[in-house]
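Q:
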Amino acid sequence: MLSLISNVYAADSAPAPQGADFVSLLFPILLLVVFYFLLIRPQQKRAKEHKALVDQLKVGDSVMTTGG
Numbered sequence: 026m027l028s029l030i031s032n033v034y035a036a037d038s039a040p041a042p043q044g045a046d047f048v049s050l051l052f053p054i055l056l057l058v059v060f061y062f063l064l065i066r067p068q069q070k071r072a073k074e075h076k077a078l079v080d081q082l083k084v085g086d087s088v089m090t091t092g093g
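The structure is reproduced here in structure tokens:
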């Protein structure tokens with residue numbers, strides 16, 4: 026009886042489609058691209074602007090900190 030059940034399950038299983046590997050990788054890649062454009066790229070832009078601002082400072086320039 027047990028061998029009959031295993032034969033039925035084996036006969037019902039269909040082979041996986043070949044394109045499934047690419048489709049399963051598409052979502053994580055798309056997620057990384059969105060993550061890059063929404064988080065990493067703007068942070069790099071702000072860091073570049075901050076570095077340019079700090080490089081323009083000279084000795085004796087007055088600076089106001091966030092503390093006042």
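Numbers in the working numbering are just positions in the sequence shown, counted from 1, shifted up by 25.
The C-beta atom is built at its ideal place from N, Cα and C for all residues, glycine as well.
Everything numeric in this text was worked out from a predicted model, so none of it was measured.
(1) Alpha carbon to alpha carbon, how far is K76 from A45?
(2) At what residues does the alpha helix (DSSP H) containing K83 begin and finish?
(3) Which stretch, first to last residue, makes up the alpha helix (DSSP H) that contains I54?
A: Reading off the structure:
(1) 45 Å
(2) Premise fails: K83 is in no alpha helix (DSSP H) and is neither H nor E.
(3) A45 to F60
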